[in-house]
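In what follows, a structure is listed as structure tokens, so that the remarks can point back to it.
Chains as they are written, first to last, in full-length UniProt numbering: chain A, 1 to 495; chain B, 1 to 340; chain C, 1 to 148.
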């Protein structure tokens, strides 16, 4: 308790508070720019942090991290362009809400869910770290493999009607993910001598194209400028009912986010997709998903910000980063002479606690800053369709370029965009593509590693408690919709 | 309305960037006319200087030996150069992805690489690798470290002999983890060649990931640098079996060398900062000077040592290339014979 | 995910792309070959399944899905897509700012905007603002061809 107070006083020093606010603000802007991710935001500012005190440096980076993960959702909702991959599910749901004229509500829900997830995960960091750390250590290749399979199966099979389409897209996207050097040893695959493909296809440009281009072409499908009907800026109010009605979704998504955060190699993007799909399955109105439902946004946003605090748990106690931006925290800590582990909580307790307490404060600050940004950004919609579509294309193009400063990436963006539109028109799901590209190398790597771990009998992996847990999750998750259908059929019969 | 909005956001972004730029010692956020850092100011004879941030590509994961070394270098280079040096981890393919990126980068002086001796041999050992020893210009070589071989305590071994015996009884089942053909795995190759045993190969993205896997019981053995091991050196689940240098480490004097335990081989890794080949003479001259300054800095040397690195001082492309070529010629055949 | 009338073509399209991958399998090192092979086979299985289903149900599908966009609309969209491609290809040649301004003007007119002032000002402002923001604050140099 003592340490928490010390941490609090450190954070409340005026300069540190400024760092929190500025970090979060810049983070939101970075995240909102398509092509720039949370990892990049933290990476770019690490050198700036060298001259700061350790506690200040970590607060700055935390603000950037949380802000960027949240910020990506603003253009996702308003323009359909995910600012970071973690906002891709929000792009689908948010854009649909905007089309219904509810942009203000979408933005408000997004901000609140993100802050809730962030605050909850920072509280978990502060009070539950030792307990949750164990998970991080025990998670190994078999568990990672199960998580990857879980994520992909949920997304591919969670389709009404033809699961074969979902599976086809999933397998095909996994194949795309193998282009380039293999993740283990680095052998070339499917590069056809093109130097640009050595590192594989570019995830961020493809995601931008896949989600935003169909939006744009959709606008071409009907005449009229849509000034009044389509792009009304709804009022930005935080409606308590929205959250109370979906309280289970909110809590569940946050927990998913925290746990995914704790698991190394799985970050906000994976959490967002997993949670969104879980929300859809558990929802009483799954058919609403994709047409603009608050539940969908809560599902993805609470989870992606829930990752932030969770990813620091194994980082601080074991030096294992729970996500890519967290890995950068590790380097920043080393530069400032901080070692993760027990030392951090004894000798450097004041820095450690100021970080953890600061994390809570940053997520609260993010709520207010976020609403401010949204109020301003919301006005983007009060413009004619022709302008909006043009701006989306221009912004998406520059975003696709910015990630790697490569025109080849822009070509990938374009191809993904056109193919994405064809897919949407023919009822092929887009989510499996995103998730397969995100999880592709983790899936392949964890499969190879698991095979090496149990060369004689791969089924031995089920002696691991965590593997059993995750496998059960996969099985339950796949069977639950079927079971539920049977139950409701029976229910209908008896009536 | 829209323009005001954009203007507002622009102002917000620029304002914050400038606040941060003002707060930190090294500038660079105000665009192309910055060069106002206090400490450097050494005008090179060639006149070429940096006016934008520099990226250092690190082919291995954050928290690992290469990454820590790169960030320490970045910190001091930024002070002397007056612009930010940003480390970009491009991992995967056991380091080949990042090294390929370095070799293909524009040699305009704004991209550097974090290199190490083991990368010289990828061209022989991995199909399709396009870079050779000539794809990089060595600018600074500033650490040379052996590794320690670490095992999970639950294996029940505490010496190399015991490990080898265990591996003999369970061929292919004792797992050794790390990126292929790196510091994590060359000791395995030497042990396998010397004793004829076979380990299961688990491939990870870097030293940190390997250490975590061993600590968590998901992998049995790996080989690490003292700098990577520091975070978990008092972890009870880990046992140090041997060190791979010629002599015992000062910091772990009760750990015997591999040679002492019957495996007649040593492994050390030197690390360097490189430019992609094709850089102009001006750029090379600039970095020759910059690296000399950084490596001579006593604080830099101290931080390297405190982080567990064995500091050595070769700077400038002439000295470094000479060192690299000597080492390459001496080791090439042994390594190819051992690993190929 | 119902079957739609163009699905046959889409599946064939997927299959063709898969064949490109198959043709390159031989160049891949054996160790790295298994995983992609599994994906390719799995994809072909799905395609086969979908094609068979489509052929069996083709009467119902063609009846139900008879509508769709009129040819004019399709052409409208295709032309726009080609324009975007041209924009992308020109960025390198003419430079970011010039290409963006040209595309912006074209796009606004094509999409029905009548406000002459907006048609000139918006693309100009967007291109300039983005260029300055990316090159000075974010240090991403946007391409400049023969112009800027």
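All C-beta atoms, glycine included, are put in the ideal place defined by N, C-alpha and C.
Problem - Cβ pair residue 312 (chain A), residue 322 (chain A) closer than 8 Å - result: Residue 312 (chain A) places its beta carbon less than 8 Å from that of residue 322 (chain A).
Practice task
Report yes if the C-beta distance between residue 468 (chain A) and residue 458 (chain A) is below 8 Å; otherwise report no.
Solution key: Cβ atoms of residue 468 (chain A) and residue 458 (chain A): not closer than 8 Å.
Exercise for the section: Pick helix, strand or coil for residue 185 (chain B), following the three-state DSSP scheme. Expected result: Coil, per DSSP.
Problem - residue 65 (chain B): first and last residue of the uninterrupted alpha helix (DSSP H) it sits in - result: In the DSSP annotation of this structure, the continuous segment of the alpha helix (DSSP H) that includes residue 65 (chain B) starts and ends at 65 to 81.
Problem - DSSP three-state assignment for residue 201 (chain B), whether helix, strand or coil - result: In the structure shown, residue 201 (chain B) sits in a strand (DSSP, three-state: E or B).
Practice task
Below 7 Å CB to CB, which residues in the same chain sit around residue 40 (chain C) once its five sequence neighbours on both sides are set aside?
Solution key: Excluding positions up to five away in sequence, the list reads 18, 21, 22.
Handout entry: Contacting positions in the stretch 23 to 37 of chain C - beta carbon closer than 7 Å to chain B
Key = Contact annotation: in the stretch 23 to 37 of chain C, residues whose CB is within less than 7 Å of a CB in chain B are 29.
Problem - Any chain A beta carbon closer than 8 Å to residue 50 (chain B) - result: Closer than 8 Å: no.
Practice task
Consider the Cβ of residue 128 (chain C): report whether some Cβ of chain A lies at a distance smaller than 8 Å.
Solution key: Output row for residue 128 (chain C): interface = no.
Practice task
Could you check the C-alpha separation between residue 76 (chain A) and residue 37 (chain A) for me, to the nearest Å?
Solution key: Rounded to the nearest angstrom, the gap between the Cα atoms of residue 76 (chain A) and residue 37 (chain A) is 13 Å.
Handout entry: Amino acids of chain B, ordered along the chain, whose beta-carbon sits closer than 7 Å to that of residue 185 (chain A)
Key = Residues of chain B with a Cβ closer than 7 Å to the Cβ of residue 185 (chain A) are, in chain order, 93, 94, 126, 180, 203.
Handout entry: Members of the stretch 53 to 79 of chain C near chain A, C-beta cut-off 8 Å
Key = Residues are counted here when their Cβ sits less than 8 Å from a Cβ of chain A; for the stretch 53 to 79 of chain C these are 53, 69, 73, 76, 77, given in chain order.
Handout entry: 4-residue-minimum alpha helix (DSSP H) runs that sit fully inside the stretch 55 to 107 of chain A, ordered along the chain
Key = If only uninterrupted alpha helix (DSSP H) runs of at least 4 residues are considered, those enclosed by the stretch 55 to 107 of chain A are 73 to 79, 88 to 99.
Handout entry: Contact list for residue 111 (chain B) against chain A, beta-carbon separation under 8 Å
Key = The CB of residue 111 (chain B) never comes closer than 8 Å to any CB in chain A; the least such distance is about 11 Å.
Practice task
With a threshold of 16 other CB atoms inside 10 Å of the CB of residue 303 (chain B), please say whether the residue is buried or exposed.
Solution key: Residue 303 (chain B) is buried by the Cβ-count criterion.
Exercise for the section: Taking C-beta pairs closer than 8 Å, name the residues in chain B that residue 453 (chain A) reaches, listed in chain order. Expected result: The answer, in chain order, is 175, 200, 202, 218, 219.
Handout entry: Interface partners of residue 182 (chain A) on chain C, CB under 7 Å
Key = Correct list: 32.
Practice task
Check the Cβ-Cβ distances between residue 39 (chain C) and every residue of chain A, and say whether any is below 8 Å.
Solution key: Judged by the 8 Å Cβ criterion, residue 39 (chain C) is in contact with chain A.
Handout entry: The alpha helix (DSSP H) enclosing residue 229 (chain B), as first and last residue numbers
Key = Element bounds for residue 229 (chain B): 226 to 229.
Handout entry: Residues of its chain near residue 65 (chain B), where Cβ-Cβ distance is below 6 Å and the 5 sequence neighbours each way are ignored
Key = Counting only Cβ-Cβ distances below 6 Å, and skipping sequence neighbours, we find 207, 225, 227, 228.
Practice task
Could you round the C-beta distance between residue 95 (chain C) and residue 143 (chain C) to whole angstroms and report it? I think they count as a contact, below 8 Å.
Solution key: Going by Cβ atoms, the distance from residue 95 (chain C) to residue 143 (chain C) rounds to 7 Å, so yes, they are a contact pair.
Handout entry: Own chain partners of residue 486 (chain A) with C-beta closer than 7 Å, once the 5 adjacent residues on each side are dropped
Key = Excluding its 5 nearest sequence neighbours in each direction, residue 486 (chain A) has no C-beta neighbour in its own chain below 7 Å.
Practice task
Could you spell out where the beta strand (DSSP E) holding residue 53 (chain B) opens and where it closes?
Solution key: Where residue 53 (chain B) is concerned, there is no enclosing beta strand (DSSP E), given that its DSSP letter is neither H nor E.
Handout entry: Cα-Cα separation between residue 145 (chain C) and residue 125 (chain A), rounded to whole angstroms
Key = Approximately 50 Å, taken between the alpha carbons.
Practice task
Under 6 Å Cβ to Cβ from residue 186 (chain B), same chain only, skipping five residues before and after it: list those, please.
Solution key: Excluding sequence neighbours, residue 186 (chain B) sits near 267.
Problem - Straight-line gap, residue 354 (chain A) to residue 305 (chain A) (C-alpha atoms, nearest Å) - result: Cα to Cα, the separation comes out at about 20 Å.
Problem - Supposed close pair residue 41 (chain A), residue 30 (chain A) - CB separation, criterion 8 Å - result: Yes, they are in contact, since the Cβ atoms of residue 41 (chain A) and residue 30 (chain A) sit about 4 Å apart, within 8 Å.
Handout entry: beta strand (DSSP E) runs contained entirely in the stretch 107 to 191 of chain B, provided each spans 3 or more residues
Key = As summarised for the stretch 107 to 191 of chain B, the continuous beta strand (DSSP E) elements at least 3 residues long and confined to that stretch are 111 to 116, 136 to 146, 148 to 152, 175 to 177, given in chain order.
Handout entry: Cβ-heavy atom distance, residue 328 (chain B) to the ligand FMN, below 7 Å
Key = No copy of the ligand FMN occurs in the structure displayed, which carries no ligand at all.
Handout entry: C-beta neighbour in chain C for residue 190 (chain A), strict 8 Å
Key = Yes, contact with chain C.
Problem - Contacts of residue 214 (chain B) in chain A (Cβ-Cβ under 9 Å) - result: Those do not exist, as residue 214 (chain B) stays about 11 Å from chain A at its closest Cβ, beyond 9 Å.
Handout entry: Straight-line Cα distance separating residue 216 (chain B) from residue 307 (chain B)
Key = Approximately 23 Å, taken between the alpha carbons.
Problem - Partner residues on chain C for residue 203 (chain A), Cβ-Cβ distance less than 9 Å - result: Simply none; closest approach about 17 Å.
Practice task
Count the other CB atoms, across all protein chains shown, that sit within 10 Å of the CB of residue 90 (chain A); report buried if there are 16 or more and exposed otherwise.
Solution key: The residue is buried, with at least 16 neighbouring Cβ atoms inside 10 Å.
Problem - Segment contact flag, the stretch 141 to 153 of chain A with the stretch 440 to 447 of chain A, C-beta cutoff 8 Å, min 3 pairs - result: Under the 8 Å Cβ criterion, the stretch 141 to 153 of chain A counts as touching the stretch 440 to 447 of chain A, having at least three qualifying pairs.
Handout entry: Which of helix, strand or coil DSSP assigns to residue 270 (chain B)
Key = Strand, per DSSP.
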